[in-house]
C-alpha cells in the first residue's frame, strides 16, 4: 500500500503519526504541495481530487483521511483496538467525534489559519481584518465547545474513550494549524492543554516528527524560514488565486 | 431506541428516510426547532449539543447523523447490506463520500441557504448580496465536482457503489436545502438530475414524505406558509442573533 502525504496538511500528519505509531507497513510517498506536485496529471491519476492524504492499495484508490483510517483498521487486524474499538458503543463515540470534527473543528481552525496567515503570506497583502475577527470568533466558539463539552467527562482520559483513539490524533493535528498564525489554541483552556500533552506523550516521537515544520513556523512567529522555496510559493499563490477559494 | 428529529434538518430527513425504508424499529420523537424545543434543559439532557438528529438507545446517547447511521448498521444485522457494504473496498468508497460531504457538500449548500433565505426570512432584512455571491460560487464549485467527479463513473448507478447506499440519501437531502432559497441544485446538471430521480424512486414514498415542508417552501418560491408560527420565528431569530453564527 502506498500512502501519499505532505506534512503541511493536517490530516496527512494525523495518518502519518497513526501509521508510524501502529507500525503499519506502507510505502510513504511525499507529494510536495509547495512544489504543486498535487496538480500534476500523474498525481491526478492517483487521486481524482488532487489532494493529500490518499492511498493506493494494490490498485484500489481512496481519499479522505477518516475513510482511509477505517479502511486501514479493517485491512490490518493486528492494529490495536484502542484506536477504533470493536464494541458498538465505544466505536460510535469515536465515530461521533470523527464526524463532528469536519465542520466543528477542522473548518474553523483551517479557515482562520488560511485567512490570517496563508493568504497574506502568499499574496504579500495584509489580512482582511474583518474576516480574521469573524473566523477567530468562530474558532473560539469551537475551542470552548472542545473544552466544556468534549473534554468535560471525568470518566474518560481522552476525547471519546478511556484509551487514546484516532479521534485524539486527528483533533490535535487540526488544533496545531492556527498556532502557525500565532494563535495558541491550547492556551488558557486547562483540559485542552492537559489532553494535548497526553496525546503527544502517547504518540511521540512521531507526533513531534510530523510537526517539525509546523513547530519551526510557530517559533518564528509565522515567518517562513529560507527553507521554503519562494518561486514555488508564488506559483502556489497563482494557483490559489485562480481557485478563488480564499477571496 | 428513540430517534429525535425535525424534518427541517437535512440529516434528520436522511435518517428518517433510512429508518422508514429499512423498517428499523425505533420510536420517532419530533423536536420542533421552530418552537425552540432543542434549547430546553430537558433536551440538553438528551443531547449535550442540543441538536437534531440524535438517538438514545437504552440510555446510550449519540449525536452526528453519520455516526448514528453506522451504529444502526452495527446494531441491526438485518438491515440490507447495500446501505453500507461489508466488503472493505466497497465500504471504504461509501465512507469516502460520507467524510467528503461535510465540507464538500453540506457546508456550501447550508451556508448559501442560511445567508440567502434563513437569516433574511427571520430578520426581515435583505440578504448580504456580497456574501450570497461568495457562497453561491462555492456551492456551484461543489455541484460541478458532484457532476464531473463523483457521478462521472459509468460503472456505478449511484454515488459510491452499484446499489443505493446511505451516501446517496444523505447527499440528496443536503442538495434539497438550497432549493428553498430558489436555487435549483439539480437543474442543468444531467447526471445529478438523473441520479436524484433514481434516489427518490428507490426511497419513495418516504423521500417525498420527509420533504413535504421543503417542497411547500420551494413551491411558494421561498415564502413561508401561514403554518409557520411567527412568534416562534422571532424567538428563533433572537436565538440565532445571540449565537452570532450568521453575522
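Protein chains in written order, with our numbering: chain A, 399 to 645; chain B, 399 to 645. No residue lacks a Cβ here, since even glycine has one placed at the ideal position from N, Cα and C.
For the set A:501, A:546, A:534, A:446, the Cα lying nearest the Cα of residue 462 of chain B is the one of A:501. In this structure, the alpha-carbon of residue 485 of chain A lies about 45 Å from that of residue 580 of chain B.
Interface annotation, residue 472 of chain B: in contact with chain A, CB-CB separation under 8 Å. Using a Cβ-Cβ cut-off of 8 Å, residue 589 of chain A does not count as an interface residue toward chain B, since no Cβ of chain B sits closer than that to its own. Within chain B, the C-beta atoms nearer than 8 Å to that of residue 493 of chain A come from 462, 464, 465, 468, 469, in chain order. With 16 or more other Cβ atoms from the protein chains shown falling within 10 Å of its own Cβ, residue 408 of chain A counts as buried.
For the pair residue 535 of chain B and residue 494 of chain A, the Cα-to-Cα distance works out to about 30 Å. Taking a contact to require three or more Cβ pairs closer than 8 Å, the region 427-447 of chain B and the region 458-476 of chain B qualify as touching.
Counting C-beta pairs closer than 8 Å gives fewer than three between the region 467-484 of chain A and the region 503-510 of chain A, which falls short of the contact rule.
Contact of residue 416 of chain A with chain B is not assigned, every C-beta pair being separated by 8 Å or more.
The C-beta of residue 487 of chain B comes closer than 8 Å to at least one C-beta of chain A. Note that the region 407-424 of chain B touches the region 553-571 of chain B; at least 3 beta-carbon pairs, one per stretch, sit closer than 8 Å. Taking one beta carbon from each stretch, the region 411-426 of chain A and the region 606-617 of chain A have 3 or more pairs nearer than 8 Å; the two touch. Annotation: residue 510 of chain A to residue 475 of chain B spans about 43 Å, alpha carbon to alpha carbon.
Rounded to the nearest whole angstrom, the C-alpha separation of residue 548 of chain B and residue 585 of chain B is 17 Å. A direct Cα-Cα distance of roughly 13 Å separates residue 472 of chain B from residue 464 of chain B.
Cβ proximity to chain A below 8 Å picks out 446, 447 from the region 422-450 of chain B.
Sorting B:588, B:455, B:430 by C-alpha distance to the C-alpha of residue 424 of chain B places B:455 at the top.
Think of a sphere of 8 Å around the beta carbon of residue 501 of chain B: the chain A residues whose beta carbon falls inside it are 500, 501, 504, 505, in chain order. Residue ranges of uninterrupted beta strand (DSSP E) with 3 or more members are absent from the region 538-595 of chain A; none lies entirely inside it. Inclusion of residue 615 of chain A and residue 578 of chain A in the CB contact set at 8 Å is warranted, their separation being smaller than that value.
In the three-state DSSP reduction, residue 462 of chain B falls in the coil class, being neither helix nor strand.
Of all residues in the region 535-547 of chain B, the ones placed with a Cβ closer than 9 Å to any Cβ belonging to chain A are 535, 536, 539, 543, 547, in chain order. Shown here, residue 605 of chain A sits in a helix according to DSSP, grouped into three states.
What residue 458 of chain A touches in chain B, judged by beta-carbon distance under 7 Å, is 487, going in chain order. Per DSSP, the continuous alpha helix (DSSP H) segment holding residue 492 of chain B begins and ends at 486-499. One Cα belongs to residue 560 of chain A, the other to residue 497 of chain B, and the distance between them is close to 25 Å. Scanning A:453, A:588, A:438 for the CA closest to the CA of residue 401 of chain A turns up A:453.
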